[in-house]
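For reference, the structure is listed below as structure tokens.
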Ligand SMILES: [Zn+2]
Ligand SMILES: [Zn+2]
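Residue numbers (UniProt numbering): 1 to 277.
Spelled out as structure tokens, the structure:
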């Protein structure tokens with residue numbers, strides 16, 4: 001874990017031309033930072049857009065580039081975080097500085113984003129794909145975003161996104177939230193569930209789509225995690241973008257999410273941990 005901060009060799013590997021967001025809906029697009037998605041919400045060309053999550057470190061330039069192609073040289077109205085794990089806030093500081101934007105997170109997550117608390121160390125016995133791929137990006141210190149951070153409102157409303165609600169989905173982290181738009185049942189689930197089997201390097205690389213529980217290595221509270229997946233399944237989302245993996249929609253997605261919600265212990269909880277519950 002105590003690796004030197006990663007330099008930026010990726011600039012040589014990933015051409016800036018490829019920093020293009022993929023559109024899921026007319027006003028929802030995503031950009032993948034290595035293995036972690038960030039989302040852009042807002043119609044192309046609008047001055048009213050919002051960034052959801054900030055990806056791994058050293059991707060600020062590419063996220064800005066992808067955003068510019070969609071919105072021109074316009075800063076987002078806000079940056080929203082599903083949670084504060086390093087792979088979702090790695091570029092947050094640089095982006096907040098560049099855009100001079102407020103960052104919103106659930107009140108229970110704020111201490112982890114202001115350097116006051118650290119997340120528990122992951123359970124390395126359930127490691128694998130994602131964990132090892134991201135290991136060069138593990139930070140040595142907790143992130144401190146005090147200058148920009150604001151708690152999300154208690155009533156579930158989301159600043160600058162009139163039609164969206166923040167849904168508290170703890171388990172993966174205490175203040176994890178998912179963002180949901182009721183009118184077309186669009187869900188950004190962060191890591192409450194994901195669409196790639198993160199314990200498999202192969203699945204992470206070829207991005208084979210399948211609904212899976214939260215990344216096991218980083219999930220300390222499986223009881224809460226199960227409740228959160230059930231809560232999200234009950235919303236009957238039609239389209240989902242998750243923290244890791246490709247977006248999914250329609251019947252196959254809905255069936256798989258329901259299956260995960262109903263058989264969470266068997267499908268999501270690592271074997272040796274499920275005995276504890
Ligand atoms: Zn996470
Ligand atoms: Zn993640």
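Even glycine gets a Cβ: it sits at the ideal position worked out from N, Cα and C.
Inset, instruction - Can you tell me which of the three DSSP states residue 179 falls into? - result: strand
Inset, instruction - Going by CA-CA distance only, name the one from 31, 94 and 254 that's closest to residue 238. - result: 254
Legend entry - Proximity to residue 34 [Cα-Cα], best of 55, 22 and 49: 55
Legend entry - Sequence-distant residues of its chain with Cβ nearer than 8 Å to residue 175 (five each side left out): 83, 84, 105, 106, 107, 108, 109, 110, 112 and 168
Inset, instruction - Rounded to whole angstroms, what's the CA-CA distance from residue 139 to residue 92? Just pull it up for me. - result: 13 Å
Legend entry - Option nearest residue 235 by Cα separation, candidates 149, 184 and 29: 184
Legend entry - For residue 40 and residue 256, the rounded distance between their alpha carbons: 25 Å
Inset, instruction - Scan the stretch 25-102 and note each continuous alpha helix (DSSP H) run of 4 residues or more that stays entirely inside, going in chain order. - result: 60-71, 86-89 and 92-99
Inset, instruction - Examine ligand 2 and report whether any of its heavy atoms sits within less than 7 Å of the Cβ of residue 215. - result: yes
Inset, instruction - When you get a sec, list the residues whose CB is within less than 5 Å of any heavy atom of ligand 2, chain order please. - result: 87, 191 and 243
Legend entry - ligand 1 heavy atom lying under 7 Å from the CB of residue 137: no
Inset, instruction - Compute the minimum distance between the beta carbon of residue 71 and the heavy atoms of ligand 1, and state whether it is under 7 Å. - result: no
Inset, instruction - Locate the beta strand (DSSP E) running through residue 250, then write down its first and last residues. - result: Residue 250: not part of any beta strand (DSSP E); member of the alpha helix (DSSP H) spanning 250-262, first to last residue.
Inset, instruction - Assign residue 3 to one of two classes, buried (16 or more other C-beta atoms within 10 Å of its C-beta) or exposed (fewer than that). - result: For residue 3, the pLDDT reaches just 44, beneath the cut-off of 50, and the residue's location in the model is therefore unreliable, although a value from the coordinates is still provided. Burial call: exposed.
Inset, instruction - Drop a sphere of 10 angstroms on the beta-carbon of residue 58, count the other beta-carbons inside from all chains shown, and report buried for 16 or more, exposed for fewer. - result: buried
Legend entry - Span of the beta strand (DSSP E), counted from its first residue to its last, around residue 240: Where residue 240 is concerned, the enclosing beta strand (DSSP E) stretches over 239-242.
Inset, instruction - Let me know if residue 21 comes out buried or exposed under the rule of 16 or more other beta-carbons within 10 Å of its beta-carbon. - result: buried
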